[in-house]
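All letters in the sequence shown, in the order written, are residues 2 to 270 by this note's numbering. No residue lacks a Cβ here, since even glycine has one placed at the ideal position from N, Cα and C. Note that this is a predicted model, so its numbers are computed, not measured. Report on the structure given below.
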Amino acid sequence: MARGDLVTLGALKAHLGVQSSADDILLSSMISQISRAICTWLNRAFILPRDVADMFDGNGRNRIQLRNWPVIAVSSVTIDGQAIPPSTDGRGFGWLLEPGDDEPPGAMQMLMLRNGVFPRGWQNVVVAYRAGYQISNEARAVPGATPRIVAAQPYGPFAEDCGVAYANGVALTQVAANPAAGQYAVNGFGDYLFSADDSGAQVVLTYGYVPHDLASCALEWAADRYRYRDRIGMASKSLGGQETAAFRITAMPDYVQQSLRSFGRIICN
């Protein structure tokens, strides 16, 4: 699955009931196109974990809405070139991150300044942070018989690996295949393979995922566009003069649009 794709080729072919590989290139292209179209409609540059540094105009208020979410961690906040510390106790001066929604996270988040305001200015506030849909530190034990773990993926299908570590925090090294002790390999479906030497070890998995609703929207829209090839520009079709089949011609299926609304970015700063 290409980075940024919201659904896999295998999932789309299974949904369509396509067995042949003759249209694999076409279907893969459709997946990428539909995935980009969905992110554009949502007004979101990305949904998978990524480090960003956003600049904002100070608004004279004590809060700024971050452009990307869910926020995994904030690494730094500067105002007019001056570093601002986090408010560790929630009462002293510093920044606070609005908690994200749970199971799964969905709402945009505010960065708040305790006992202060973001002074008005042009691009004078810089926030460095990591955002995207991510499962962090999923605790697992490497099985003894077969040292293989499949990521739990509670909120949506696995999209990309973001690292594995032992429970004590020591990171394992990713390799393409045949991992030795302290190494692991992973495929595009969240299937992690470890060395037999690590059998019984306690590890934590961190990985990016596509929320179920977004994956379903990409699947349905791509399938709709694939079937549309057989009726391009056709609003209705007579079936032997006995009945007429009507087709809805829209840029985006209505049911997809309804499902996407809760994921869209709202500009309010």
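With contacts defined as CB atoms closer than 8 Å, Val8 and Ala152 fail to qualify as a contacting pair. For Val257, the enclosing alpha helix (DSSP H) starts and ends at 255 to 261.
Each residue's CA atom was taken as its position, placing Asp90 and Gly191 some 37 Å apart. Straight across, the Cα-Cα distance linking Thr174 with Arg228 is about 43 Å. For Glu221, the enclosing alpha helix (DSSP H) stretches over residues 213 to 229. Straight-line measurement puts the Cα of Phe94 at about 45 Å from the Cα of Ser33. Under the 8 Å Cβ criterion, the region 69 to 82 does not count as touching the region 23 to 42, having fewer than three qualifying pairs.
Counting the other CB atoms within 10 Å of its CB gives Gln135 a total of 16 or more, which places it among the buried residues. As computed with DSSP, Ser77 is found in a beta bridge with Ala129. Along the length of the region 19 to 75, whole beta strand (DSSP E) runs at least 3 residues long occupy 51 to 59, 64 to 66, reported in chain order.
Asp103 sits in coil when the DSSP states are folded into three classes, being neither helix nor strand. Ala224 is a Cβ neighbour of Leu17, given a cutoff of 8 Å.
Within the DSSP bridge table, the entry for Pro87 names Trp96 as partners. Closest in C-alpha terms to Arg131, from the list Leu206, Val75, Phe47, comes Val75.
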